[in-house]
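Chemist: Have a look at this one.
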Amino acid sequence: MQTAGSNASIKRMVRTESFPTPFCPGCGHGILMGAILRAIDHLGWNMDEMLFVSGIGCGGWIPSPHYAADTLHVTHGRPIAFATGAKLFNPDLKVVVIGGDGDIASIGGNHLIHGARRNIDLTVICANNGVYGMTGGQVTPTTPQGARTMTTPEGNPDAPFDLCQLVVAAGARYVARQSVFHIRQLIRVIETALQHPGFSFVEALTPCPVQYGRRNALTTPVAMLSELKERCVPLTRARTMTREQLAGKVIVGEFIK
Amino acid sequence: MTPQDSGAVDDSGMEQPAPGTRAVAHRTPLRIVINADWCKGCYICVSVCPRDVLAIDQGAWTGSFHPVVVAQAERCTVCRNCELLCPDLAIEVLSEA
Amino acid sequence: MMTATTAEKPMGWHTIASVLAPGPYLMQGDEACAEGAIAAGCNYYAGYPITPASEIMEHIARRFRALPGRVFAQMEDEIASIGSVVGASWAGARAMTATSGPGFSLMMENLAYAIMTETPLVIVDVQRAGPSTGQATRPSQGDVMQARYGAGSDYEIIVLTPWSAAEMYSETIRAFNLAERFRVPVIVLADEGIGHLRERVQIGPETRLYGRVRAAGAAPFVAEASGAMDAVPPMPAFGDGERLMVTGSTHDPRGYRRTSEADAQAALVDHLTRKVSEHRDEYARVERLLMDEDEELDLLLVSFGFSARSAYAAAQELRSEGTRAGLLRLCTLWPFDDDAIRAATARARRVLVPEMNRGQVLREVQRHAPAARGCNRTDGEGITPDDILAVARKW
Chain A
2 MQTAGSNASI
12 KRMVRTESFP
22 TPFCPGCGHG
32 ILMGAILRAI
42 DHLGWNMDEM
52 LFVSGIGCGG
62 WIPSPHYAAD
72 TLHVTHGRPI
82 AFATGAKLFN
92 PDLKVVVIGG
102 DGDIASIGGN
112 HLIHGARRNI
122 DLTVICANNG
132 VYGMTGGQVT
142 PTTPQGARTM
152 TTPEGNPDAP
162 FDLCQLVVAA
172 GARYVARQSV
182 FHIRQLIRVI
192 ETALQHPGFS
202 FVEALTPCPV
212 QYGRRNALTT
222 PVAMLSELKE
232 RCVPLTRART
242 MTREQLAGKV
252 IVGEFIK
Chain B
4 MTPQDSGAVD
14 DSGMEQPAPG
24 TRAVAHRTPL
34 RIVINADWCK
44 GCYICVSVCP
54 RDVLAIDQGA
64 WTGSFHPVVV
74 AQAERCTVCR
84 NCELLCPDLA
94 IEVLSEA
Chain C
212 MMTATTAEKP
222 MGWHTIASVL
232 APGPYLMQGD
242 EACAEGAIAA
252 GCNYYAGYPI
262 TPASEIMEHI
272 ARRFRALPGR
282 VFAQMEDEIA
292 SIGSVVGASW
302 AGARAMTATS
312 GPGFSLMMEN
322 LAYAIMTETP
332 LVIVDVQRAG
342 PSTGQATRPS
352 QGDVMQARYG
362 AGSDYEIIVL
372 TPWSAAEMYS
382 ETIRAFNLAE
392 RFRVPVIVLA
402 DEGIGHLRER
412 VQIGPETRLY
422 GRVRAAGAAP
432 FVAEASGAMD
442 AVPPMPAFGD
452 GERLMVTGST
462 HDPRGYRRTS
472 EADAQAALVD
482 HLTRKVSEHR
492 DEYARVERLL
502 MDEDEELDLL
512 LVSFGFSARS
522 AYAAAQELRS
532 EGTRAGLLRL
542 CTLWPFDDDA
552 IRAATARARR
562 VLVPEMNRGQ
572 VLREVQRHAP
582 AARGCNRTDG
592 EGITPDDILA
602 VARKW
């Protein structure tokens, strides 16, 4: 009997023939891949009750082909739309959408806000690494201002979205952000999101060492996790901090529940 | 383990239980297994282990990186930081509980 | 939005009672299309408003309220509409969407996805004058080529071209059956003229339907055994416990991605074409009007949809004047009926193709009859019998 949430336990929830994964060494999406399975394992849910719908990009590869469950790997930006059809027709399916920040918030932005507005009973997990990794490292709507990417070689001139605030405003019923460094908190918010009725949204900060870190002076996976540890501020503490103190920080926690 | 139970401090820096008692929450692993086929040498596990259990074997080479080895299994308290932060499910801390 | 209860899903051919009471009805074309979908067991509809197809969606929205187990959703755009139709189809639904030219263009990526994943669904395109926003309330037949090739790359697709309100009902039913039989999207290519006219539709007591085949444990894609590339694999649903891997990437019969293997890509493209093209007898349909199959004609008219109505009237006029004229009406437009066209054009001195575009079907006919001519109206007005007679008499 393996401990729920341990690697020995969640190994039975993956297609082992698809390992080793294609993710780069130290990929934050890989950590998130495990975190989602650990949450499902803690809840005691059966993989045969689940439907994972994912988009295009490294984030879309988290469930497909790695999860031993029904998986639907769709067109770029559209997993929430496809998931809506499946869920509306068969409400017994436990539907989880997984996509990167480009997929969910750039090309998929319209479906994100309408999914939240409609309160479809879905859990959307956005693997946010601030870059289009699979296509070589272009800028996304969540790339930090000033960051170097393949399409912002002099530094990103634009400010990024606060994805969680966007989704709160659109009407989602559970919205949380955590990082893969804060792994136990991340697993907990995923468990809460999975159980929460209506549209639940979890933004997971997942470092991309090869396509982002390498160009922004964070050359190792360990360095990127240390940077996350420094940059993340819990919501309760953030409420006591000034705007100057919060500059460059990212707030983690549960924004609406 | 309560402060009243504490005895001498050993060379690991951890307080050891007084003779005849044992630490309340101290767990030990049966085995720590690194899957060499799945490990990609990112070294996150080595970095997040609070007990120096894992190490990078600078003397060995897999063909693309120095492998991670279990250097001090007896120091492991089954916190599973390594498991939780491994992007590849490449390490298993097997225990009874 | 309503949710569906789990319904029984008969496989293969079966007959059910018509949803509407049998008898004559006066229906608008769009309305008849919606009723055809209902009769065909459509239990998931998602759409977005667009002239001149909105009436289909509105009718479904009203009617589904009284029909248990059927889900209606107005989505945020056409891309989400067809995306959700694919998701619902994989959850086991008989699913449809309807649109017009600009919306049809938006749907192309997800249409390609449906083709690649062998997802049954029905798309109705009620064509209007274009390009782009064009004339929203005016008819055209400008999407002929887009319906066949718009998704890009290589595949075979089925496109039906109704010419009356009655066919908007019956051909929508046929579209559902062909979609389920071949696990392919089927397009009902109508136009504003057919969509908005009102005509008598006779509803019979029963409807014959085809339900997709399901088999536990079977590989859901391509064809497992070589040499069976024309076979249609069984299609399980999400929640059946099959742990399906559905992806738009090139894949093997189980759904594993094979994005670097040439043999996997070759097999997939071969299968997507041959599973339809090698079963012509199941979907090919033409109607010969005012002509026998072996008859030698002085003038053969080849037409479809709204244009065929005027072509029929023109052929009748010519016959009354003593010209041996006949109409070959395309009911299944794609795959193109090369056999019927080759045979008919070989027995005709002149071949004329009336259509409301600049010659999209004409090009196909000219592959068999290079001297064929077109009668082309592209001003947003319906093509008339006089338009056709003017060309026929000048020749």
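Chains as they are written, first to last, in our numbering: chain A, 2 to 258; chain B, 4 to 100; chain C, 212 to 606.
Glycine included, each C-beta is placed from N, C-alpha and C at the ideal position.
This structure is a prediction, so every number in the text was calculated from the model and none was measured.
Find the nearest neighbour of Leu219/A within the set Arg16/A, Thr17/A and Gly27/A, judged by alpha-carbon distance.
Modeler: Position 218 of the first sequence, counted from the start, is the residue given in the question as residue 219/A. That would be Gly27/A, whose Cα lies nearest to the Cα of Leu219/A.
Chemist: Tell me where the beta strand (DSSP E) around Pro235/C begins and ends.
Modeler: Locating residue 235/C in the third sequence gives position 24, where the first residue counts as 1. Its beta strand (DSSP E) spans residues Gly234 to Gln239.
Chemist: What do you get for Glu489/C, buried or exposed, if any count of 16 or more other CB atoms within 10 angstroms of its CB means buried?
Modeler: Taking the third sequence and counting its residues from 1, the one referred to as residue 489/C is at position 278. By the 10 Å Cβ count, Glu489/C comes out exposed.
Chemist: Which one or two residues does DSSP pair with Leu544/C in a beta bridge?
Modeler: The count along the third sequence starts at 1 and reaches residue 544/C at position 333. Answer is none; Leu544/C lacks a bridge partner.
Chemist: Given 6 Å as the limit, tell me if Arg349/C has its C-beta closer than that to any heavy atom belonging to the ligand ADP.
Modeler: Only the bare structure without any ligand can be found here, which leaves the ligand ADP out of the picture.
Chemist: Let me know the secondary structure DSSP gives Ser201/A once reduced to three states.
Modeler: Your numbering for residue 201/A matches position 200 in the first sequence. The answer is strand: DSSP assigns Ser201/A an E or B state.
Chemist: Could you name the residues of the segment 40–73 of chain B whose beta carbon sits closer than 7 Å to any beta carbon of chain A, in the order they occur along the chain?
Modeler: Going along the segment 40–73 of chain B in chain order, one finds Asp40, Trp41, Lys43, Gly44, Cys45, Tyr46, Ile47 and Ser50 with a Cβ nearer than 7 Å to chain A.
Chemist: Just how far apart, CA to CA, sit Arg215/A and Phe68/B?
Modeler: Locating residue 215/A in the first sequence gives position 214, counting from the first residue. Locating residue 68/B in the second sequence gives position 65, counting from the first residue. Each residue's alpha carbon lies about 18 Å from the other.
Chemist: Can you tell me which of the three DSSP states Met48/A falls into?
Modeler: By one-based count along the first sequence, residue 48/A stands at place 47. If DSSP states are grouped into helix, strand and coil, Met48/A belongs with the helices.
Chemist: Along the chain, which unbroken stretches of the beta strand (DSSP E) at least 3 residues long are found entirely within the segment 60–110 of chain A?
Modeler: DSSP runs (the beta strand (DSSP E)) wholly in the segment 60–110 of chain A: 71–74 and 95–101.
Chemist: Should His183/A be labelled buried (16 or more other beta-carbon atoms within 10 Å of its own) or exposed?
Modeler: The residue labelled residue 183/A in the question sits at position 182 within the first sequence. Label assigned to His183/A: buried.
Chemist: Scan the segment 251–266 of chain C for residues whose Cβ lies nearer than 7 Å to a Cβ of chain A and list them as they occur along the chain.
Modeler: So the list reads Tyr255 and Ala257, given in the order they occur along the chain.
Chemist: Quick check: is the beta carbon of Ala9/A nearer than 7 Å to any beta carbon in chain B?
Modeler: Counting from one through the first sequence, the residue named residue 9/A turns up at place 8. Taking Cβ atoms only, chain B reaches closer than 7 Å to Ala9/A, which makes this a yes.
Chemist: When you compare only the Cα positions, how much space is there between Leu236/A and Gly56/A?
Modeler: What you label residue 236/A is simply residue 235 of the first sequence in a count that begins at 1. What you label residue 56/A is simply residue 55 of the first sequence in a count that begins at 1. Those two C-alpha atoms are separated by around 30 Å.
Chemist: What is the rounded straight-line gap between the Cα of Glu592/C and the Cα of Gly247/C?
Modeler: Taking the first residue of the third sequence as position 1, residue 592/C is located at position 381. Taking the first residue of the third sequence as position 1, residue 247/C is located at position 36. So the alpha carbons of these two residues sit roughly 27 Å apart.
Chemist: Please list the terminal residues of the continuous alpha helix (DSSP H) segment that includes Gln186/A.
Modeler: Along the first sequence, read from residue 1 onward, the residue named residue 186/A stands at position 185. Ile184 to Gln196 is the extent of the alpha helix (DSSP H) around Gln186/A.
Chemist: Assuming contact is defined by CB atoms lying nearer than 7 Å, are Val355/C and Val487/C in contact in what I supplied?
Modeler: Numbered from its first residue, the third sequence carries residue 355/C at position 144. Numbered from its first residue, the third sequence carries residue 487/C at position 276. Cβ atoms of Val355/C and Val487/C: not closer than 7 Å.
Chemist: Relative to the C-alpha of Pro260/C, which candidate in Leu231/C, Leu420/C and Thr310/C has its C-alpha closest?
Modeler: As a working note, residue 260/C is residue 49 in the third sequence. It is Thr310/C whose Cα lies nearest to the Cα of Pro260/C.
Chemist: Using a Cβ cut-off of 9 Å, which residues of the segment 456–467 of chain C contact any Cβ in chain A, in chain order?
Modeler: So the close ones are Met456, Val457, Thr458, Gly459, Ser460, Gly466 and Tyr467.
Chemist: Candidates Ser471/C, Arg469/C, Ala401/C and Ala291/C: which alpha carbon is nearest Ser351/C's?
Modeler: One-based indexing of the third sequence puts residue 351/C at position 140. Taking only the C-alpha atoms, the option nearest Ser351/C is Ala401/C.
Chemist: Take Arg118/A and list the residues in its own chain whose beta-carbon comes closer than 7 Å to its own, dropping the five residues that flank it on each side.
Modeler: Within the first sequence, residue 118/A is the residue found at index 117, counting from 1. Answer for Arg118/A: Ala171 and Gly172, listed in chain order.
Chemist: Between Val457/C and Gly45/A, what straight-line distance do the alpha-carbon atoms span, to the nearest angstrom?
Modeler: Counted from its first residue, the third sequence places residue 457/C at position 246. Counted from its first residue, the first sequence places residue 45/A at position 44. One C-alpha to the other measures close to 25 Å.
Chemist: Determine the direct distance from the alpha carbon of Phe283/C to that of Ile114/A, and round the result to whole angstroms.
Modeler: As a working mapping, residue 114/A is identified with position 113 in the first sequence. As a working mapping, residue 283/C is identified with position 72 in the third sequence. Computed Cα separation, rounded: 20 Å.
Chemist: Between Thr124/A and Leu195/A, how many whole angstroms is the CB-CB distance? I'm expecting something under 8 Å.
Modeler: Position 123 of the first sequence, counting from 1, holds the residue named residue 124/A. Position 194 of the first sequence, counting from 1, holds the residue named residue 195/A. With a Cβ gap of about 5 Å, Thr124/A and Leu195/A count as contacting.
Chemist: Please list the partners that Asp42/A has in chain C, where partner means a Cβ-to-Cβ separation under 9 Å.
Modeler: Here residue 42/A refers to the residue found at position 41 of the first sequence. None at all; the shortest Cβ gap to chain C is about 17 Å.
Chemist: When the cut-off is 7 Å and only beta carbons count, does Glu320/C lie next to chain A?
Modeler: What you label residue 320/C is simply residue 109 of the third sequence in a count that begins at 1. Yes, Glu320/C lies at the interface with chain A (some Cβ there is under 7 Å from its Cβ).
Chemist: Cα separation between Gly29/A and Glu266/C?
Modeler: Position 28 of the first sequence, counted from the start, is the residue given in the question as residue 29/A. Position 55 of the third sequence, counted from the start, is the residue given in the question as residue 266/C. C-alpha separation (whole angstroms): 48 Å.
Chemist: What's the call for Leu511/C, buried or exposed, on a 16-neighbour Cβ count within 10 Å?
Modeler: Here residue 511/C refers to the residue found at position 300 of the third sequence. So Leu511/C counts as buried.
Chemist: What would DSSP say about Gly585/C, mapped onto helix, strand or coil?
Modeler: Stepping through the third sequence from its first residue, residue 585/C is reached at position 374. Three-state result, Gly585/C: strand.
Chemist: Between the C-alpha atoms of Thr144/A and Gly134/A, what's the straight-line distance to the nearest angstrom?
Modeler: The sequence position of residue 144/A within the first sequence is 143, counting from 1. The sequence position of residue 134/A within the first sequence is 133, counting from 1. Computed Cα separation, rounded: 12 Å.
Chemist: Considering Thr556/C, what are the terminal residues of the alpha helix (DSSP H) in which it resides?
Modeler: Position 345 of the third sequence, counting from 1, holds the residue named residue 556/C. Where Thr556/C is concerned, the enclosing alpha helix (DSSP H) stretches over Asp549 to Ala557.
Chemist: Would you please state the rounded distance, in angstroms, between the beta carbons of Gly109/A and Ile81/A? I believe it to be under 8 Å.
Modeler: Within the first sequence, numbered from 1, the residue matching residue 109/A stands at position 108. Within the first sequence, numbered from 1, the residue matching residue 81/A stands at position 80. Their Cβ separation, rounded to whole angstroms, is 6 Å, which keeps Gly109/A and Ile81/A in contact under 8 Å.
Chemist: For Arg409/C, count neighbouring C-beta atoms within 10 Å of its own C-beta (all shown protein chains included) and say buried if the count is 16 or more, exposed if not.
Modeler: On the third sequence, position 198 is the one that residue 409/C refers to. Its Cβ having fewer than 16 others within 10 Å, Arg409/C is exposed.
Chemist: So, at 6 Å on beta carbons, what are the nonlocal neighbours of Ala559/C in its own chain, with the 5 sequence-adjacent residues on each side left out?
Modeler: The sequence position of residue 559/C within the third sequence is 348, counting from 1. Excluding residues within five positions, the ones whose Cβ falls inside 6 Å are Leu508 and Leu511.
Chemist: Please say whether Thr383/C and Ser229/C have beta carbons closer to each other than 7 Å?
Modeler: Translated into positions along the third sequence, residue 229/C becomes position 18. Translated into positions along the third sequence, residue 383/C becomes position 172. Not closer than 7 Å, so no.
Chemist: Within 10 Å of its beta-carbon, does Asp198/A have 16 or more other beta-carbons around it, so buried, or fewer, so exposed?
Modeler: Locating residue 198/A in the first sequence gives position 197, where the first residue counts as 1. Looking at the sequence itself, residue 198/A is Pro, so the reference to Asp does not match. So Pro198/A ends up on the exposed side.
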